[in-house]
Amino acid sequence: MDDNPEKRVKVVKEKALSTECGNIYYWVSDNCSEDRITLFFLHGLTASHKLFSKQIDYFDGHFNLLVWDTPAHGKSRPYKDFSYEKAAIAAKQILDENGISEAVFIGQSLGGFITQSVIKRYPEVVSAFVSIDSTPFGEKYYSSSDKWWLRQIEWMSKMYPDSYLRKAIAKQCTTNKRAYMNMMDMLSIYDKKELCHLMGIGFAGFLEDNSDIEIKCPVMLIVGEKDITGKVKKYNKEWSESLGVPVTWIENAAHNSNDDNPEAVNKLIDEFLNSVY
């Protein structure tokens, strides 16, 4: 990081991208400059921009920072007919609106899917990709059984009592109380029907957009050692072999590894950026 105070910038602006499906809210550094590297943070399913509070605190003042509430999430609601294609188009539009030609995309879980959806359509805007507890695009990774189960998520979620469902999601994603409470807070804005539907379209929508893609930019794969969400660990091991990039495992961290152990993740991202730029 460059600690020159004259180069420090602040995340102060809340903006909204107006689309026919709904407004998409995001937060961006004041005086965004093409001379600075831009970090675009994309959170996971059922979360919001609050998932990256520890990263914003750490990187604030050193880069152009951009963080959004993904379409159909957080403040970016109501939003009709979510799809990964629409999310990718919106991400590109937000960059364009702020005069940003390319960015380092830092995607956690769903955010990693959306990043790959952007790479699929606009590879030139993703200068580097940090995947946090996400999984790869590519037909070879997912069996027929995997695909079948992913399509059952919405109705299966409806079978659980509301309070139990929320606690189960937050507990599975985190390893400590602070991160758990943050996840519970992010989940609290959804009623049960919306929450279940969101999980359904998140996974079913991924299957609709999934395809073989070529990632030419530098990539870092980060996974919590205690991540027990689906087959995240298995998929990342296979992704690592395919890309020729190691998986970095985060101690004392589950699916929200950047929130469980922000110190370790922030340091890794910093080192990755220094190696790329």
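Residue 111 in numbering that gives the first Met the number 0 sits at position 112 of the sequence shown; the count goes up by one each step and never skips.
Cβ coordinates follow ideal geometry from the N, Cα and C atoms, glycine included.
Keep in mind the model is a prediction, meaning the values are calculated, not measured.
- Looking only at DSSP bridge pairs, what is residue 38 linked to? Per DSSP, 64 and 103.
- Query: Can you round the beta-carbon distance between residue 25 and residue 65 to whole angstroms, since I take them to be within the 8 Å contact cut?
  - Reply: That belief holds up - the Cβ atoms of residue 25 and residue 65 are roughly 6 Å apart, short of 8 Å.
- Item | Between the CA atoms of residue 156 and residue 96 - distance to the nearest angstrom | Their Cα atoms are separated by approximately 37 Å.
- Item | Segment contact flag, the segment 34–42 with the segment 65–84, C-beta cutoff 8 Å, min 3 pairs | Verdict: yes, contact present.
- Query: When DSSP builds the beta bridges, which residues end up paired with residue 247?
  - Reply: Bridge partners of residue 247: 221.
- Item | Cβ neighbour criterion (16 or more within 10 Å) applied to residue 77 | By the neighbour-count rule (16 or more Cβ atoms within 10 Å), residue 77 is not buried but exposed.
- Task: Enumerate in chain order the residues of its own chain whose CB-to-CB distance from residue 57 is below 6 Å, with the five nearest sequence positions on each side excluded.
- Result: So the list reads 265, once near-sequence residues are dropped.
- Label residue 199 either buried or exposed according to how many other C-beta atoms from any shown protein chain fall within 10 Å of its C-beta, with 16 as the threshold for buried. By the neighbour-count rule (16 or more Cβ atoms within 10 Å), residue 199 is buried.
- Item | DSSP three-state assignment for residue 186, whether helix, strand or coil | Helix at residue 186.
- Query: Could you give the distance in angstroms between the alpha-carbon of residue 116 and the alpha-carbon of residue 92?
  - Reply: It is roughly 14 Å from the alpha-carbon of residue 116 to the alpha-carbon of residue 92.
- According to the neighbour-count rule (16 or more other Cβ atoms, all chains shown, within 10 Å of its Cβ), is residue 150 buried or exposed? Within a 10 Å sphere around the beta-carbon of residue 150 sit fewer than 16 other beta-carbons, which makes this residue exposed.
- Three-state class that DSSP yields for residue 163 in the structure shown: Three-state DSSP puts residue 163 in a helix.
- Query: How many angstroms separate the CA atom of residue 131 from the CA atom of residue 140?
  - Reply: Straight across, the Cα-Cα distance linking residue 131 with residue 140 is about 18 Å.
- Query: Of the residues 178, 47, 229 and 19, which one's Cα is nearest the Cα of residue 259?
  - Reply: Nearest of 178, 47, 229 and 19 to residue 259, Cα basis: 178.
- Query: Is it true that the segment 234–242 meets the segment 159–179, where meeting means three or more beta-carbon pairs spaced less than 8 Å apart?
  - Reply: Touching, no.
- Beta carbon of residue 16 nearer than 8 Å to that of residue 201: Residue 16 places its beta carbon 8 Å or farther from that of residue 201.
- Who are the near neighbours of residue 94 in its chain, counting only those whose CB is closer than 7 Å to its CB and skipping five residues on each side? Spatial neighbours of residue 94 in its own chain (CB-CB distance under 7 Å, excluding positions within 5 residues in sequence) are listed in chain order as 102 and 124.
- Buried versus exposed, by CB contacts within 10 Å (16 or more), residue 143: Exposed, by the Cβ-count rule.
- Message: Please identify the residue among 170, 75 and 60 whose C-alpha is closest to the C-alpha of residue 228.
- Response: Comparing Cα positions, the closest option is 170.
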